[in-house]
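Heads up: the structure comes next, in structure tokens.
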Amino acid sequence: MATLATPMITRENPARPSETVGQVRGDDPASVRSAVKRAAAAQTAWAARSLEERTRIVLAAIDRAADQAPELGRLLSREMGKLLPDCLGELRFARALAHDLAARAARLLPDQPRGEGPGRRVVRRRPCGVIAAIVPWNAPIILAMTKIAPALISGNAVVVKPSPLSPLALSALITAIAANLPDPVLHVVNGGAEVGEALVGAAEITKVAFTGGTAVGGAVLRQASARFLPCVMELGGNDPLVVLDDFDPTPEAMEAIVWGTFLNAGQVCMAAKRLLVPQAMVPRFTDAYVDVARRLFRLGDPTAEGVTMGPLISAAARGQIAALAEDSARRGGTVIDLLEPGDRTPDDGYFLPPRLVTGLGGDAPLVAEEQFGPIVPITGYRDEAEMLQLANAGDLGLSASVWTADGDRGWALVGRIRAGLCLVNAHNRSGFAFDLPFGGIGSSGFGREYGDEGLLEYSQLQSMHAPAQRAGGGAAYPTTGT
Ligand code: NAD
247 MATLATPMIT RENPARPSET VGQVRGDDPA SVRSAVKRAA AAQTAWAARS LEERTRIVLA
307 AIDRAADQAP ELGRLLSREM GKLLPDCLGE LRFARALAHD LAARAARLLP DQPRGEGPGR
367 RVVRRRPCGV IAAIVPWNAP IILAMTKIAP ALISGNAVVV KPSPLSPLAL SALITAIAAN
427 LPDPVLHVVN GGAEVGEALV GAAEITKVAF TGGTAVGGAV LRQASARFLP CVMELGGNDP
487 LVVLDDFDPT PEAMEAIVWG TFLNAGQVCM AAKRLLVPQA MVPRFTDAYV DVARRLFRLG
547 DPTAEGVTMG PLISAAARGQ IAALAEDSAR RGGTVIDLLE PGDRTPDDGY FLPPRLVTGL
607 GGDAPLVAEE QFGPIVPITG YRDEAEMLQL ANAGDLGLSA SVWTADGDRG WALVGRIRAG
667 LCLVNAHNRS GFAFDLPFGG IGSSGFGREY GDEGLLEYSQ LQSMHAPAQR AGGGAAYPTT
727 GT
């Protein structure tokens, strides 16, 4: 009998699109359903193992897979264009995160007896079942590990769908981890929207953990809600970075701000996506930003020494960001290149020069929407009230930062910005901490990753009660007074 050829997903190097980095086998709805069924069939035995045993097995499997970090980091850098040191850092971070969550599990997941006195009351945490973990392309290893480690340790099975834009390193890592689990509770399925829909729609899925853009997240949420599936939704951001009038734009402080904006060529969910600066300070701040950025940015192959910014992820992403720059200029904005005059943008590959834009109104798409690429607007504000109004504009609320010489003033102000993560004199990766739950407000999503809260997403509460017995048997019915 003839079998249908399985479609292969081929990933090109965004720094040199004619070069194929690798391929993974693509899935179809039938193979997704079968992966979910295998995961569900294995989950009961997995959940029956003790918490200590599951934790030990999961950490050993992750540690063993981490032996492949040098090759996986290089593969990740080549398939997605992120700098090699950042890709190696991603693998280290993911492993450390798994260990951090495991320590939390030992404290948080055991049964909790409640109350004093007769009878027996316990609050138990049960696994949810089979988790659909859908991951974006821009930090695939970390954003899969925020789901895989807590889900497996809590007794669930997990089926992960990487983005077709960065499927290679993550699929290889998952395969390596799964090979060291005694039960087949970890699977990877590959493909785009159709495969994601089949995963969320598979009968045995009991929870969805999604990280990606707000529009796609909305579609996933609508599909999941039709089946009452609980979701963790980690979505997009249009995060304000606010400079106060006492801020001193030293080169060191400006360097922190520049990287807060442009790590991974601006393709980070929690990157600073709008810079809000006191109106009178805009010229000085802009000059300082341009000086430092031009000193820092060197575009090129992300695996090459000395390169500080790689390409965008795809031709489509490059087209969208280029169109935003053109739109900004049409609206009267001043678009400033952040490469040294004379520094070339590589001809091949999905490269764009990083850019700063001043003089745009609040309704310009670059200001009002998430850009997710190497271009950022500076908006002037007159007073604190206007700053807060600008910072809180729109539905997104992932992270926000305030930069000031007065830490207490910054602390008080930043908490008035509607965002899931509020930072003082830090932004993006420098504001991260394992013990702070991460996630959005409004259209940036709900549910949390990291910390105690990020672990507890992967279990559900079960209250157990054996009331005190009367002489002769049975529990007394309390008098309600009605
Ligand atoms: P995306 O929303 O386009 O894709 C995310 C994932 O969803 C991919 O695996 C994609 O194949 C899948 N998908 C697409 N359509 C689907 C459907 N109908 N059903 C199920 N799955 C579907 O996002 P992206 O371009 O990969 O990543 C960039 C976005 O992700 C940005 O908006 C960024 O801010 C956001 N992001 C958020 C966080 C966070 O923690 N909040 C972290 C990283 C990225």
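Numbering (my numbering), first residue to last: 247 to 728.
Cβ coordinates follow ideal geometry from the N, Cα and C atoms, glycine included.
Predicted model, so just to flag it, every value in this text is computed and none were measured.
Residue i Cβ short of 8 Å to ligand 1 heavy atom set
i: Ile621; result: no
i: Asn384; result: yes
i: Lys407; result: yes
i: Glu586; result: no
i: Gly458; result: yes
i: Phe531; result: no
i: Pro410; result: yes
i: Met326; result: no
i: Phe692; result: no
i: Gln715; result: no
i: Phe543; result: no
i: Gln289; result: no
i: Leu509; result: no
i: Val514; result: yes
i: Phe684; result: yes
i: Ile380; result: yes
i: Val536; result: no
i: Val376; result: no
i: Leu644; result: yes
i: Gly483; result: yes
Residue i - DSSP class collapsed to helix/strand/coil
i: Ser400; result: coil
i: Lys519; result: strand
i: Val514; result: coil
i: His673; result: coil
i: Thr726; result: coil
i: Glu443; result: helix
i: Phe456; result: strand
i: Gln314; result: helix
i: Gly718; result: coil
i: Asp583; result: strand
i: Ile663; result: coil
i: Lys407; result: strand
i: Ala798; result: Examination of residue 798 is not possible in this model, given that the chain is present from 247 through 728 alone.
i: Cys374; result: coil
i: Phe493; result: coil
i: Ser277; result: helix
i: Ser574; result: helix
i: Phe692; result: strand
i: Phe339; result: helix
i: Thr266; result: strand
i: Tyr535; result: helix
i: Gly626; result: strand
i: Val304; result: helix
i: Asp346; result: helix
i: Thr249; result: Since pLDDT at Thr249 reaches only 48, below the 50 mark, its modelled position is unreliable, and the value read off the structure follows with that caveat. In the structure shown, Thr249 sits in coil (DSSP, three-state: anything other than H, G, I, E or B).
Endpoints, the alpha helix (DSSP H) within which residue i is located
i: Val504; result: 497-508
i: Gln635; result: 630-637
Exposure label - residue i; buried when at least 16 CB within 10 Å
i: Phe618; result: buried
i: Ala281; result: buried
i: Ala631; result: exposed
i: Asp547; result: buried
i: Met633; result: buried
i: Gly719; result: exposed
i: Gly361; result: exposed
i: Gln269; result: exposed
Limits of the beta strand (DSSP E) - the one that residue i falls within
i: Met555; result: Met555 -> no beta strand (DSSP E), and no H or E assigned at all.
i: Gln708; result: 705-712
i: Ile420; result: Careful: Ile420 lies outside any beta strand (DSSP E), inside the alpha helix (DSSP H) at 414-425.
i: Glu258; result: 254-259
i: Gln525; result: Neither: Gln525 is in no beta strand (DSSP E) and is coded neither H nor E.
i: Gly700; result: From DSSP, Gly700 is part of no beta strand (DSSP E) but of the alpha helix (DSSP H) over 697-702.
i: Ala646; result: 645-649
i: Val478; result: 477-480
i: Arg473; result: First-last for Arg473: undefined, no H or E at that position.
i: Thr604; result: 601-604
i: Val434; result: 432-434
Ligand 3 heavy atom lying under 8 Å from the CB of residue i
i: Gln566; result: What this structure holds is ligand 1, not ligand 3.
Short CB-CB distance (under 9 Å) between residue i and chain B
i: Ile624; result: Of the protein chains in the structure, only one exists, and it is not chain B.
Next item on the list: Could you tell me whether the region 401-410 touches the region 286-300, using the rule of 3 or more Cβ pairs below 8 Å?
Entry: yes
Notebook entry, point to check: Would you call the region 340-357 and the region 565-581 touching, i.e. three or more CB-CB distances under 8 Å?
Noted result: no
Check: Is it true that the region 414-423 meets the region 439-454, where meeting means three or more beta-carbon pairs spaced less than 8 Å apart?
Finding: no
Check: Are the region 593-613 and the region 646-658 touching, with three or more C-beta to C-beta distances below 8 Å?
Finding: no
Check: Does the region 555-567 come close enough to the region 526-539 to have 3 or more Cβ pairs within less than 8 Å?
Finding: no
Check: Is the region 375-394 touching the region 453-463 in the sense that three or more CB pairs, one from each, lie closer than 8 Å?
Finding: yes
Item checked: the region 411-419 in contact with the region 322-332 per 3-pair CB rule at 8 Å -> yes
Note to self: Does the region 682-691 come into contact with the region 634-645, if we say contact requires no fewer than three beta-carbon pairs (one atom in each stretch) closer than 8 Å?
What the structure shows: yes
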